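Trainee: Handing you a structure now.
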Amino acid sequence: MDYVNSDQAFLKKDIKGAKHEMTYAGALSFLRRKYSRDLKGVDIVVSGIPFDSAVTNRPGARFGPRAIRGASTELASLDAFPFGFNPFDTLGVVDYGDCALDSHAPETIAATITEHARGILAHDCKMLSFGGDHFVSLPLLRAHAEKHGSLALVQFDAHSDTWADEGRTPFSHGVMFLQAVKEGIIDTSKSIQVGLRSWNDSAHGFEILTSPWVHRHGTAAVLEAIYERVGDAKAYITFDIDCLDPAFAPGTGTPVSGGLASWQALELIRGLTPLNMVGMDLVEVAPAYDHAETTAIAAATIAHDWLCVMAEKAGAKRQVVGRI
Ligand SMILES: [Mn+2]
Numbered sequence: 653m654d655y656v657n658s659d660q661a662f663l664k665k666d667i668k669g670a671k672h673e674m675t676y677a678g679a680l681s682f683l684r685r686k687y688s689r690d691l692k693g694v695d696i697v698v699s700g701i702p703f704d705s706a707v708t709n710r711p712g713a714r715f716g717p718r719a720i721r722g723a724s725t726e727l728a729s730l731d732a733f734p735f736g737f738n739p740f741d742t743l744g745v746v747d748y749g750d751c752a753l754d755s756h757a758p759e760t761i762a763a764t765i766t767e768h769a770r771g772i773l774a775h776d777c778k779m780l781s782f783g784g785d786h787f788v789s790l791p792l793l794r795a796h797a798e799k800h801g802s803l804a805l806v807q808f809d810a811h812s813d814t815w816a817d818e819g820r821t822p823f824s825h826g827v828m829f830l831q832a833v834k835e836g837i838i839d840t841s842k843s844i845q846v847g848l849r850s851w852n853d854s855a856h857g858f859e860i861l862t863s864p865w866v867h868r869h870g871t872a873a874v875l876e877a878i879y880e881r882v883g884d885a886k887a888y889i890t891f892d893i894d895c896l897d898p899a900f901a902p903g904t905g906t907p908v909s910g911g912l913a914s915w916q917a918l919e920l921i922r923g924l925t926p927l928n929m930v931g932m933d934l935v936e937v938a939p940a941y942d943h944a945e946t947t948a949i950a951a952a953t954i955a956h957d958w959l960c961v962m963a964e965k966a967g968a969k970r971q972v973v974g975r976i
């Protein structure tokens, strides 16, 4: 423990490496990364998108980024499990802070989020974004598609979010992936939705693995289906925390019973290494309905493990202690 050079969120000089710090104090950057907007040499930029005015049920996900950062600090105290490496020995990762949004000017929100992402993606780096409600994925996807073209979407969610908007402005967290299809920024033939358990009359071209299917067939079968669907296409990962059962993620806006357990989600995230991933978001953490940080810890761990997978893609080698 380095008592003199704590707190690394603002004292850190190198963007790589990690120091063990107090898990219960200090500035709440994600995983104790340096807060920085200097993106030189940065591989992955973490930022928050604190917007929740497109919900249909409970608001509160604007506090998601803060909760996820808070819950992440303990994960920074040891090398990563079950990987056995520190992802920051391989990847340069900074916490960019949050996208500045004018909550009183809703007509500006989508464009502001896209501009935020566009500015980051202009550098040679990828994004890990924390919602916010799930609407934020649409403006994020627009910026990613500008850079990469039409994307394979790998969506973990209780809901399809492809309900028809009946001609209304698609300013809803339940319609934006149908809107993304209409805009051509998602290639549905390479996209897959995992964990769904709410009715929609159409799959709108997506492959769907419902929660009951996941429970019956297991995580290995889910990963095989993802690999087959996505292939080597450029993929964007979107994880709505309500993919998890309310027992594992009560702190969310639209909970649905019968969902995935935390361990299932982590098995799936840890298995994504073969994919060609260009970015990820994690949305819908609403801490006002959380208990004992259950939801925020699950979310922070999912995001942390995705960074480990990206480190593995960049050359980090998994170690084995015990039966993994
Ligand atoms: Mn969703």
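Just so we're aligned: the sequence shown equals residues 653 to 976 in our numbering. Note that beta-carbon positions come from the ideal geometry of N, C-alpha and C, so glycine has one too. Since we're looking at a predicted model, the values are computed, not measured.
Any chance the stretch 920-937 sits against the stretch 770-780, with 3 or more Cβ pairs inside 8 Å?
Mentor: yes
Trainee: Taking just the CA atoms, how far does residue 665 sit from residue 969?
Mentor: 25 Å
Trainee: Looking at C-alpha atoms only, which residue of 883, 763 and 909 is the closest neighbour of residue 803?
Mentor: 883
Trainee: Classify residue 808 as helix, strand or coil using the three-state DSSP reduction.
Mentor: strand
Trainee: Output yes or no for whether 9 Å exceeds the beta carbon distance between residue 919 and residue 783.
Mentor: With contacts defined by Cβ atoms closer than 9 Å, residue 919 and residue 783 do not form a contacting pair.
Trainee: Are there three or more Cβ pairs, one per stretch, closer than 8 Å when the stretch 788-807 is compared with the stretch 939-955?
Mentor: no
Trainee: Enumerate, from N- to C-terminal direction, the unbroken alpha helix (DSSP H) stretches of 4 or more residues contained entirely within the stretch 668-742.
Mentor: If we require 4 residues or more, the alpha helix (DSSP H) runs fully inside the stretch 668-742 come out as 716-724.
Trainee: Which whole runs of the beta strand (DSSP E) in the stretch 901-945 are 3 residues long or more, in chain order?
Mentor: 928-935
Trainee: Go through the stretch 819-903 residue by residue and report every complete run of the alpha helix (DSSP H) that reaches 4 residues or more, in order.
Mentor: 828-834, 863-869 and 871-882
Trainee: Residue 915 to residue 870, Cα distance in whole Å?
Mentor: Between residue 915 and residue 870, the C-alpha separation is close to 11 Å.
Trainee: Does DSSP put residue 973 in a helix, a strand or coil?
Mentor: coil
Trainee: Under 8 Å from any heavy atom of ligand 1, does the C-beta of residue 811 make it?
Mentor: yes
Trainee: What three-state label does DSSP hand residue 781 in the structure shown?
Mentor: strand
Trainee: What is the residue span of the beta strand (DSSP E) that residue 749 lies within?
Mentor: 745-750
Trainee: I'd like to know if the stretch 938-947 and the stretch 885-903 are in contact, where contact means that at least 3 CB-CB pairs between them fall below 8 Å.
Mentor: yes
Trainee: By DSSP's criteria, residue 803 is part of a beta bridge. Which residues make up the other side?
Mentor: 838
Trainee: When the distance is taken between beta carbons, is residue 660 closer than 9 Å to residue 684?
Mentor: yes
Trainee: State yes or no: is the C-beta of residue 856 nearer than 8 Å to some heavy atom of ligand 1?
Mentor: no
Trainee: Does residue 768 come out as helix, strand or coil in the three-state DSSP assignment?
Mentor: Helix.
Trainee: Hey, would you say the C-beta of residue 935 is under 8 Å away from at least one heavy atom of ligand 2?
Mentor: By its list of ligands, the structure shown excludes ligand 2, since it contains just ligand 1.
Trainee: Could you say which of 813, 717 and 847 lies nearest to residue 706 if we only look at CA atoms?
Mentor: 813
Trainee: I'd like to know whether the C-beta atoms of residue 980 and residue 839 end up nearer to each other than 9 Å.
Mentor: An answer regarding residue 980 cannot be provided, because it is not within the stretch 653 to 976 covered by the chain.
Trainee: State the CB to CB distance for the pair residue 875 and residue 923, rounded to an integer number of angstroms; the pair is presumed to be in contact (CB under 8 Å).
Mentor: 4 Å
Trainee: Look at residue 746 and residue 687 and say whether their C-beta atoms are less than 9 Å apart.
Mentor: Judged by beta-carbon spacing, residue 687 lies within the 9 Å limit of residue 746, meaning their Cβ atoms are closer than that value.
Trainee: Verify the contact flag: residue 894, CB atom, against every heavy atom of ligand 1, threshold strictly below 8 Å.
Mentor: It does: the Cβ of residue 894 is within 8 Å (strictly closer) of some heavy atom of ligand 1.
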